[in-house]
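Below is one structure; the comments refer to it alone.
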Amino acid sequence: PPKQPQCRANLAVLNEQLERLAASLAPTEEERRMHLVTLESITALLTREWPNAKVHLFGSAANELCVTSSNDIDLTLELPGLDESQEAKAALVERMGVLFEGAGLVDVLVLNKARVPVCKAKHPVTGTRMDVTVNNMLALVNTKLLRDYAAIDSRLRKLVFLVKHWAKRRGVNDSYRGTLSSYAYVLLCISLLQRRNPAVLPALQNMPGKNRFNWSVGQWSCSFNDDVDSLRGYGMPNKESLAELLVAFFDYWAWRHDYNNSVVSIRTGGLLSKQSKNWTMRVGSERHLVCIEDPFELTHDLGRTIDKTSVVGLRREFERAARLLAAEEDPLGLLFEPVNYGGR
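The opening position of the sequence shown corresponds to residue 329 in our numbering, with each subsequent residue numbered one higher.
Laid out in structure tokens, this is it:
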């Protein structure tokens, strides 16, 4: 591996290109409108069936980190008094599936055995796809945490857009197929910015603050400094451009990360050891090959979906990106070149 991150392109030119690309990846007003129309329509449907329920939008459509033409949203049905067991939630998403079919939603699919039971469907008018869960309250807190991070330094949102775009083009953005979820990539971006010197982002859960956000969800206590207004500009001492940060991102994941021993933790703002998390052994289908700690659900490794075949492909893609940036005068066409799976 090179001694430090390498980039052959003129950084100023590359940065201008990346800034333009990031701007073009932001969702349009029309897309946001479609998300809201879908939210209203599904809320009406679900609250007719469960009058005392609330429906919440969470995930990237709610935390300012969703990219254009990813026309999908995450919703959770908050149902007070529901038994929190897996069985109760599984039964509820099954009922939801029947309700959705009856209401004319398309591609309805119930995953009642998933770690978080979910009903998937597509809205026939807006074309928006949705994943609907039940009482997924941790996800709402996660959404707020990520939105707060995005508000502190504008470089995070742009870096996330570029990394998500890259992952989609290169076919490494699907946790169902053994790579990483878009949420996991957001955590990798936050972690990188926390570990720059000087830091671009603080570790909000580790920061003292008078007005902390405090909420407990089941056994997990969620607490962090959410005084975003006073934290804006935290990263000012760091003058790195978007191009430098993207180069650093791929350089880190290609050459520097200790895959055998390290865990990414935005909660602490640093790295933990796999030993300390007890994530050294394979348990059932869960291997801990790339470890990313969920900031609140501390036993959940976001990299658990990666298996020994897909880890090779993912690391190869990180290395390909780092090598292109190091070798090419004009790397963007190749960097974001769509991967060709079996001639598709």
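The beta carbon of each residue, even a glycine, is placed where N, CA and C say it ideally should be.
Under 6 Å Cβ to Cβ from residue i, same chain only, skipping five residues before and after it: list those, please.
i	result
Leu516	none
Lys417	Pro445, Val462
Val592	Ser519, Ile620
Leu559	Ile480
Thr608	Lys602
Val500	Thr507, Leu642, Glu645
Arg610	none
Asn566	Arg524, Pro526, Val528
Glu614	Arg632
Please name the residue, chosen from the options, that lies closest to residue i on a Cα-to-Cα basis.
i	options	result
Leu600	Asp586, Gly499, Asn380, Pro452	Asp586
Leu617	Asp635, Asn606, Glu625	Asp635
Arg360	Thr396, Asp555, Pro330	Thr396
Arg632	Asp502, Leu393, Pro659	Asp502
Arg651	Gly641, Glu377, Leu642, Leu663	Leu663
Glu665	Trp494, Val556, Ala442	Trp494
Val434	Asp459, Ala350, Glu415	Asp459
Leu427	Ala449, Asp476, Asn668	Ala449
Glu645	Ala350, Tyr580, Arg615, Glu568	Tyr580
Ala431	Glu357, Ile370, Leu349	Ile370
Tyr477	His363, Val556, Ser544	Val556
Lys605	Gly612, Arg615, Thr627	Thr627
His384	Glu614, Met465, Gly612	Met465
So, is the C-beta of residue i closer than 8 Å to a C-beta in chain C?
i	result
Ile594	The structure shown contains no chain C, having only a single protein chain.
Is residue i near residue j, with beta carbons less than 8 Å apart?
i	j	result
Phe386	Ala512	no
Ala389	Ile401	yes
Ala337	Glu657	yes
Ser638	Gly506	yes
Thr375	His451	no
Arg485	Glu392	yes
Arg540	Ser549	no
Asn553	Gly563	no
Cys447	Met424	yes
Glu415	Lys382	no
Leu630	Ser509	yes
Leu474	Val514	yes
Gly409	Arg523	no
Ala655	Phe578	no
Val667	Arg498	yes
Leu576	Pro333	The question names Leu, yet the displayed sequence has Ala at residue 576. Yes, these two residues count as a Cβ contact at 8 Å.
Ala582	Glu647	yes
Run the CB neighbour count on residue i, radius 10 Å, all protein chains shown included, and call it buried at 16 or more, exposed below.
i	result
Pro623	buried
Lys496	buried
Lys331	exposed
Gly671	Unreliable positioning characterises Gly671 in this predicted model, as indicated by a pLDDT of 41, which lies under 50. The coordinate reading is nonetheless provided below. That one is exposed.
Pro329	exposed
Lys492	buried
Ser352	exposed
Asn525	exposed
Ala372	exposed
Asn470	buried
Leu403	buried
Leu570	buried
Thr454	buried
Arg443	exposed
Arg584	exposed
Tyr504	exposed
Pro355	buried
Arg483	buried
Apart from the five residues on each side of it in sequence, which residues of its chain come closer than 7 Å, Cβ to Cβ, to residue i?
i	result
Leu574	Leu346, Leu487, Leu490
Pro659	Ala337, Leu652, Leu653
Leu596	The identity of residue 596 in the sequence shown is Thr, whereas the question assumes Leu. Cβ neighbours of Thr596 beyond the five flanking positions: Ala531, Asn534.
Glu344	none
Val421	Val438, Asn440, Pro445, Val446, Cys447, Val462
Glu429	Val436
His363	Ala389, Ile401, Thr456
Asn380	Pro408
Glu357	none
Asn542	Ser551
Leaving out the 5 sequence neighbours to the left and right, which residues in its chain are closer than 8 Å to residue i when beta-carbon positions are compared?
i	result
Glu412	Asn463, Gly546
Asn589	Ser601, Lys602, Gln603
Leu521	Asp481, Arg483, Leu484, Leu487, Ala527, Val528, Leu529, Gly563, Leu573
Trp378	Leu405, Leu407
Leu342	Cys335, Ala571, Pro659, Leu660
query: At which residue ranges does the region 357-438 contain complete beta strand (DSSP E) runs of 3 or more residues, listed in the order of the chain?
result: Fully enclosed beta strand (DSSP E) runs of 3 or longer: 382-386, 400-406.
- prompt: Along the chain, which unbroken stretches of the alpha helix (DSSP H) at least 4 residues long are found entirely within the region 529-567?
  reply: 556-559
message: For a minimum of 4 consecutive residues, which ranges assigned as the alpha helix (DSSP H) are wholly contained in the region 590-628?
response: 602-605
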